[in-house]
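*Asks:* Pasting a structure below so you can have a look.
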Amino acid sequence: METDGIPPLKSLIAFQMVARCGSFSDAAAVLGLTQSGISRRILRLEEDVGVELFERSASGVVLTRIGADYAQEVAAALDVLTNLGDRSLKRQAQGRLTLSCSRAVGELWLVPRLSALSAEFPNLELKLRVDDNSFLRRGDDYDLAIAFLPSPLPDRTLGQLGREEMVPVMAPALEPLVRQAQPVILAIEETLKEWTDWGNWLSEAGVTLPETVRRWKLSDYDMAIRAARDGLGVAMGWTWLIRDELAAGRLVQAHPHVLLGRGGYYLLRPSERHMRQLARRVADWLIASNR
147 METDGIPPLK
157 SLIAFQMVAR
167 CGSFSDAAAV
177 LGLTQSGISR
187 RILRLEEDVG
197 VELFERSASG
207 VVLTRIGADY
217 AQEVAAALDV
227 LTNLGDRSLK
237 RQAQGRLTLS
247 CSRAVGELWL
257 VPRLSALSAE
267 FPNLELKLRV
277 DDNSFLRRGD
287 DYDLAIAFLP
297 SPLPDRTLGQ
307 LGREEMVPVM
317 APALEPLVRQ
327 AQPVILAIEE
337 TLKEWTDWGN
347 WLSEAGVTLP
357 ETVRRWKLSD
367 YDMAIRAARD
377 GLGVAMGWTW
387 LIRDELAAGR
397 LVQAHPHVLL
407 GRGGYYLLRP
417 SERHMRQLAR
427 RVADWLIASN
437 R
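As structure tokens, then:
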């Protein structure tokens, strides 16, 4: 397989993404291109190398034998380019990393780990982007993201950090929920549509709240948890986020029923570009710290 020169980088990136996805349309969606745009880049690449790289069918595309060998060479070459770019940066720039997450994840899960993270990566310059829709950010806006999703995203998910497991929680001094004459339910003013909420839990648990119940809607999840910890009422506890509070006894279950939803908390990477070595190391550390 010979070429008259180096194929365009955008064609190589398109080729690698199609090889990963097994579909022109899926690769186009990941790269933010049209399917015809992806097709033109692949055709251009096949013209450059002088062979067909994919076998097309109604169900998708698969690499030819030569295409599979070429995919390994392209992946290795792109890794070299990525590492070369990392090494050419100044030391200060090499230590920069942008992590995107929701306010609840940042305040309840990440902040308690920042001291250990700093000790593990003493030259790290962390930029924390707080956004409840962090998984929708453009790939050039972050290096890593922690997001709540109904299911993992192909080519972006590095690992699952927690399940969507929920139980009502309160301060230890309060009576169990079913024995409270005038319970105060602490809810979030605007939750993600994918999240389950109090209504889901009450239905599955078979619990009917008394007519005297008071409902307080707070602006964010961390505020609801702090209010519950201070004895102001009962909040819905996503156990992965508040496990430190439960382990320390600052919060206790207000009812024994635990609702297991379909979603989860995932550590994500941008699919549009290769991971820098620093991002990969921090990702491995975050996953290990979650055990």
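Heads up: the sequence shown begins at 147 in my numbering, then just goes up one per residue.
From the three backbone atoms N, C-alpha and C, an ideal C-beta is built for every residue, glycine too.
(1) Within this structure, are the beta carbons of L304 and R415 separated by less than 7 Å?
(2) For the beta strand (DSSP E) holding W362, just list the boundary residues, first then last.
(3) Can you grab the Cα-Cα spacing for the pair R372 / L245, in whole Å?
(4) Along the chain, where does the alpha helix (DSSP H) containing Y367 start, and where does it finish?
(5) Going straight from the alpha carbon of V428 to that of V276, what length do you get?
(6) Is the CB-CB distance between W386 and G308 below 7 Å?
(7) What three-state label does DSSP hand I159 in the structure shown?
(8) Hey, quick one: how far does the beta strand (DSSP E) through R275 stretch, first residue to last?
(9) For F170 and P298, what's the separation of their Cα atoms in angstroms?
(10) Please identify the residue among R259, Y288, L348, F267 whose C-alpha is closest to the C-alpha of K273.
(11) Of the choices H420, W255, R242, whose alpha-carbon is the least far from that of A222?
(12) Roughly how many angstroms lie between the CA atoms of K156 and A400, to the nearest whole one?
(13) Are the CB atoms of E310 and G383 nearer to each other than 7 Å?
*Replies:* On the basis of the data shown:
(1) yes
(2) 360-364
(3) 24 Å
(4) 367-375
(5) 18 Å
(6) yes
(7) helix
(8) 271-276
(9) 20 Å
(10) Y288
(11) H420
(12) 55 Å
(13) no
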